[in-house]
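Residue numbers (UniProt numbering): 1 to 96.
This is the structure we're talking about:
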């Protein structure tokens, strides 16, 4: 019996990624942490102890409380989560 949880969240849901999770979101997290030198393990989409420690190290480097959970602030700081806003409406001040 597997205790893994598949993750696939649209950005606007602001997911938390944590130990035991799997999926493409975790894979993106691993890739980014590896690019920045915080993670040296496999890019396999599995949020294990190595990823958790890498997240803690990254959080510490950014002045965040190192809890090992890739939440909103961590994902935003890594550039993996963007908040999309509706475009400003166009205002036509000229009369028809």
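By construction, the Cβ of each residue, glycine as well, lies at the ideal position given by its N, Cα and C atoms.
This structure is a prediction, so every number in the text was calculated from the model and none was measured.
Item                                                                                                                                 : Value
C-alpha distance - residue 25 paired with residue 62, whole-angstrom precision                                                       : 21 Å
Segments assigned beta strand (DSSP E), at least 3 residues, entirely inside the UniProt domain "Peptidoglycan binding-like" (22–78) : none
Alpha carbon of residue 51 to alpha carbon of residue 67, nearest angstrom                                                           : 12 Å
Residue closest to residue 31, alpha-carbon to alpha-carbon, out of 22, 42, 21                                                       : 42
For residue 56 and residue 72, the rounded distance between their alpha carbons                                                      : 14 Å
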